[in-house]
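To keep things clear, I will list the structure first and then write my remarks on it.
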Amino acid sequence: MLLITAVVQPSRLENVKTALAGIGLSGMTVTEVSGHGAQGGSTEYYRGTKYRVDFLPKCKIELAVGAEHEQAALAAIRTAARSGEIGDGKLWVTELRHVERLRTGEQGLDAVAAARD
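Its first residue numbered -6, the sequence shown is counted upward by one per residue in the working numbering.
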């Protein structure tokens, strides 16, 4: 199993969510985060006063997938999140050693599949 993590512009979150749902992936965790990459923040003006914003708002999306869904998920996120501008975000994949659904004790891919009642 793999953990796909994407840090994207907040304005792109709905696009990413829709793109992932379109390929059958609906389970994800979204966290509001802040940070900066190469752009190093920005300079803003408020009531005529100049100030530096070092950390910019982003959304971090995490989803656990089987290896067979990796490339489709990455392509969906790339297409939905990319604007071509500085600050689009980052995308990375890490291996998951263990996943467990606490309610039922299911493990592995069964733990991240749609919940069954």
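Beta carbons are placed, not taken as given, at the ideal position from N, Cα and C, and that holds for glycine.
Nearest-angstrom beta carbon gap, residue j and residue i [assumed within contact, 8 Å]
| i | j | result |
| --- | --- | --- |
| Pro50 | Glu78 | Contact flag wrong, Cβ pair sits at about 15 Å. |
| Leu84 | Ala(-1) | 5 Å |
Run of the alpha helix (DSSP H) containing residue i, from where it starts to where it stops
| i | result |
| --- | --- |
| Gly28 | Careful: Gly28 lies outside any alpha helix (DSSP H), inside the beta strand (DSSP E) at Thr22 to Gly28. |
| Ala104 | Leu102 to Val105 |
Residue i vs residue j beta-carbon contact at 7 Å
| i | j | result |
| --- | --- | --- |
| Phe48 | Gly80 | no |
| Leu(-5) | Glu63 | yes |
| Val86 | Ile16 | no |
- Mind the definition here: the region 53 to 67 touches the region -2 to 9 only if three or more C-beta pairs lie below 8 Å; say whether that holds. yes
- Task: Determine, using beta-carbon pairs with one atom in the region 66 to 73 and one in the region 100 to 107, whether at least three such pairs fall under 8 Å.
- Result: no
- Item | Residue ranges of each beta strand (DSSP E) within the region 9 to 94, 3 or longer | 22 to 28, 35 to 39, 42 to 46, 49 to 58 and 82 to 88
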